[in-house]
């Protein structure tokens, strides 16, 4: 193949893409859809359930304050600390629950794997940025709130290429 | 003027013609590593690679953490290839603890690691494109990489740092319509990367830039102990997926790509051919995979190995990646050593760059498939 033919072919390959749809995800307007409600773990079978590893969610009616999540985090990010909570639960004699520092968390999900009581899940919420470091520390009361997420963009394929539909 | 120097120190002799250049360590392209290059006019006289700016002590850290907690740490050296980096560690720990991985998990590991290899190579290719001033080749791989990242995100729950493999299988099973979704994306991805041929690999401008630059002969490649795409571009057929099949690779038909030239062009083409091969492997694995079954062996909370040592290696995006673990009946490994492809390929830099033009330096350097963070561990 001659030099001129090669260059023309390369240019042609680029020009063809003027007709191809743009693949870019326009992020704040569009948000990618994930599978399910987030990463969960089933301690009876020992296998997780596929999902996005985002902000945690804590169920106060299930957490016993056993600290297994904090122990699991110890060598990883040391993001989980156990703090006193006001409300009293029969199954949580010590009255302590995890508080997660998202400035340190690496979202590996090993704390979810460690919880034997189905109390800690991970949700699809990943927009956690804040102006202060203190605001990144989520107390048990904040972790209890189910996040509102509106994620509906999915990659679709058609004859003119892939797009975030 | 004579300066009194402390004993043992000596000043470098300054030559009128020879100039010393420091490339890096903060060069946006080179990553965190420095190349001390001596030039005579436009020609490189000698090159001294100087890695070690991002040494994190991963191996030492691993001695203080148990086998499970090590997982998020050990994938940090190459987060773009995190499944392949964890692979030899998991294989090693499984042998230490005597675990038998379920059949379905073996295939899913193969699929995840092949997807991850494509993701890594696309990232590498994007940087190779921008190194050579080909900005289209920066945009296209960076965009197409997103297809597979999105797929990996659906499987593992994270875009790059997956922490997906554990000793004894994988963390979670794949979502419901995974096979159909994976096949669709991989087919489209293959179609897309085939388009790179016309604009990049068959482009006369790239060929004139890289062909004949930094030739590594077959004998030198073996003598210097290179690995991965650098070795295969020099005509040595050595692919661990084929030579020492691990997990499900033994049941799959793996073709290893070999080119004979040993120059930068061949070294840059091998990873691209590897991506096409990865697509084939993924399709085969999807077909042969058991449709249901367990994916993980249940582990005790703090598993301990016996007095034993084990060495396992896999083919990562940058070549053979080995993990040596010594266990002394403790929950933590007594010693953990990673033998990485990047560091072993770096040794040919002084040989390849001697007598080369300075302008060819980026083309030769990045074609070695070198990842600074992995080399430093």
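Protein chains in written order, with this note's numbering: chain A, 13 to 177; chain B, 72 to 448.
Where a beta carbon is used, it is the ideal one built from N, C-alpha and C, also for glycine.
Fewer than three pairs of CB atoms, one per stretch, sit closer than 8 Å, so the region 200-212 of chain B makes no contact with the region 162-172 of chain B. Chain-order list of chain A residues neighbouring residue 93(B): empty, with the shortest C-beta distance near 34 Å, by a criterion of under 9 Å. Distance from the CA of residue 244(B) to the CA of residue 276(B), rounded to the nearest whole angstrom, comes to 46 Å. Around the beta-carbon of residue 38(A), fewer than 16 other beta-carbon atoms lie within 10 Å, marking it exposed. Secondary structure note for residue 125(A): it is in no beta strand (DSSP E), and the uninterrupted alpha helix (DSSP H) holding it is 122-126. Under the three-state reduction of DSSP output, residue 178(B) falls in the helix class.
Under DSSP, residue 394(B) shares a beta bridge with 383(B) and 409(B). If you compare the alpha carbons of 97(B), 386(B) and 280(B) with that of residue 431(B), the shortest gap goes to 280(B). Shown here, residue 184(B) sits in a helix according to DSSP, grouped into three states. Residues 381, 383, 394 and 396 of the same chain have their beta carbon placed closer than 6 Å to that of residue 163(B), with the five preceding and five following residues left out of the count.
If you keep only unbroken beta strand (DSSP E) runs of at least 3 residues inside the region 93-172 of chain A, you get 108-113, 132-134 and 167-170. Of all residues in the region 142-175 of chain A, those with a C-beta nearer than 7 Å to a C-beta of chain B are 167, 169 and 174, reading in chain order.
Scanning chain A for C-beta atoms nearer than 7 Å to the C-beta of residue 428(B) yields nothing, as the closest lies near 20 Å away. Just so you know, the alpha carbons of residue 256(B) and residue 379(B) end up roughly 43 Å apart. Neighbours of residue 15(A) in chain B, taken as residues at a C-beta separation under 7 Å, are given in chain order as 275. In chain order, 228 and 243 make up the part of chain B whose C-beta sits under 8 Å from the C-beta of residue 51(A). Less than 8 Å separates the beta-carbon of residue 53(A) from that of residue 125(A).
Neighbours of residue 172(B) in chain A, taken as residues whose beta carbon is under 9 Å from its own, are absent, since the nearest beta carbon is some 13 Å off. Within the same chain, 108 and 110 come within 7 Å of residue 92(B) by CB-CB distance, once the 5 residues on both sides are set aside. The beta carbon of residue 348(B) lies closer than 7 Å to those of 326 and 328 in the same chain, with the five residues before and after it left out. By the C-beta density criterion, residue 142(A) is exposed, having fewer than 16 other C-beta atoms within 10 angstroms. Around the beta-carbon of residue 320(B), 16 or more other beta-carbon atoms lie within 10 Å, marking it buried. Here residue 332(B) carries a coil assignment [DSSP, helix/strand/coil]. Contact fails between the region 404-412 of chain B and the region 280-295 of chain B, because fewer than three Cβ pairs, one in each stretch, are under 8 Å apart. Nearest to residue 175(A) by alpha-carbon distance, out of 36(A), 82(A) and 80(A), is 36(A).
Nearest CB-CB separation between residue 369(B) and chain A: below the 8 Å threshold. Closest by C-alpha distance to residue 122(B), out of 135(B), 196(B) and 420(B), is 420(B). Here the alpha carbon of residue 130(A) sits roughly 11 Å from the alpha carbon of residue 72(A). The residue from 178(B), 433(B) and 167(B) with its alpha-carbon nearest to that of residue 363(B) is 178(B).
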